[in-house]
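Engineer: Before we start, here is the structure in question, set down as structure tokens.
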């Protein structure tokens, strides 16, 4: 990594924390400059304005999310694992993506609230990636006769994705520190997977 990359990452790291803590509108470029301990001109070498900086963060998060999902997609063999166990593992990893970086999660889960439409569209990419992954998994479950062939997979996927985002927001909002959140992943994913499995899987 070059020195320029280090500086850019330092700016993004400090911006991420401030956007998470204060929100987009309350955070000023001057706050980021002070936090990163760099000159004003240095910020503008990398980002034209606050909006450019915020969008760059969202794009960085999307790349991280895509890498995460691609890694998950290649990890398990669906022919040797039960659908219930697979579902629980999927939910566990999805929640872990949010819980392992609270600042990133706060920005993703709140970015669409009261912000310009093009910000909301960036956040929509996260939801679309998750929904497409779920639909792909559901199609495999249909293939293995774990879900009825006539099931509305799009409806199911949106229902599950909505639950993931809402539960992540809920647990990040209540008074739990990061260690407690990570420690609760097993319980959270177990509860969620049981409710979903009871509603979508064929009883055998």
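Numbering (the numbering used here), first residue to last: 14 to 217. C-beta atoms are modelled at their ideal positions from N, C-alpha and C, and glycine is treated no differently.
Please classify residue 158: is it buried, with 16 or more other beta-carbons within 10 angstroms of its beta-carbon, or exposed?
Structural biologist: Exposed, because fewer than 16 other Cβ atoms sit within 10 Å of the Cβ of residue 158.
Engineer: By the DSSP assignment, the alpha helix (DSSP H) with residue 120 in it spans what residues?
Structural biologist: Element bounds for residue 120: 115 to 123.
Engineer: Check each candidate in 61, 111, 24 and 151 and name the one with the smallest Cα separation from residue 75.
Structural biologist: Of the candidates 61, 111, 24 and 151, the one whose C-alpha sits nearest the C-alpha of residue 75 is 111.
Engineer: Rounded to whole angstroms, what's the CA-CA distance from residue 160 to residue 72? Just pull it up for me.
Structural biologist: Taking the straight line joining both Cα atoms gives about 35 Å.
Engineer: Could you round the C-beta distance between residue 185 and residue 118 to whole angstroms and report it? I think they count as a contact, below 8 Å.
Structural biologist: 6 Å between Cβ atoms; contact.
Engineer: Which ranges does the alpha helix (DSSP H) cover as unbroken runs of at least 4 residues, wholly within the stretch 57 to 112, from first to last along the chain?
Structural biologist: Listed in chain order, they are 63 to 86 and 96 to 112.
Engineer: Going straight from the alpha carbon of residue 116 to that of residue 31, what length do you get?
Structural biologist: About 9 Å.
Engineer: For the 8 Å Cβ check, are there 3 or more pairs between the stretch 165 to 183 and the stretch 141 to 149?
Structural biologist: Touching, yes.
Engineer: Considering only the alpha carbon of each residue, which of 68, 67 and 109 lies closest to residue 82?
Structural biologist: For residue 82, the nearest C-alpha among the options comes from 109.
Engineer: For the stretch 39 to 59 against the stretch 99 to 109, do three or more pairs of beta-carbon atoms, one drawn from each stretch, fall closer than 8 Å, so that the two count as touching?
Structural biologist: Taking 8 Å as the limit for Cβ pairs, the verdict is that the stretch 99 to 109 does not touch the stretch 39 to 59.
Engineer: How close, in whole Å, do the beta carbons of residue 28 and residue 70 come, if the pair is a contact with beta carbons under 8 Å?
Structural biologist: That pair is a contact at about 6 Å.
Engineer: In chain order, what residues of the same chain have a beta carbon less than 8 Å from the beta carbon of residue 36, not counting five sequence neighbours either side?
Structural biologist: Answer for residue 36: 123, listed in chain order.
Engineer: Distance, Cα to Cα, residue 132 vs residue 216?
Structural biologist: Approximately 42 Å, taken between the alpha carbons.
Engineer: Please work out which residues of its chain come closer than 7 Å, Cβ to Cβ, to residue 68, disregarding the five sequence neighbours upstream and downstream, and give them in chain order.
Structural biologist: Hits under 7 Å: 135.
Engineer: Quick one: Cα of residue 139 to Cα of residue 178, how far?
Structural biologist: Rounded to whole angstroms, residue 139 to residue 178 spans 10 Å at the Cα level.
Engineer: Please return the same chain residues whose Cβ sits closer than 7 Å to the Cβ of residue 209, not counting the five positions on each side in sequence.
Structural biologist: Hits under 7 Å: 100 and 173.
Engineer: Measure the Cβ-Cβ separation of residue 23 and residue 42 and say whether it is below 7 Å.
Structural biologist: Contact flag unset, no.
Engineer: Please confirm whether residue 162 and residue 155 have their CB atoms less than 7 Å apart.
Structural biologist: In contact: residue 162 and residue 155 (Cβ atoms closer than 7 Å).
Engineer: What's the gap between the Cα of residue 58 and the Cα of residue 15?
Structural biologist: Residue 58 and residue 15: Cα-Cα distance of roughly 15 Å.
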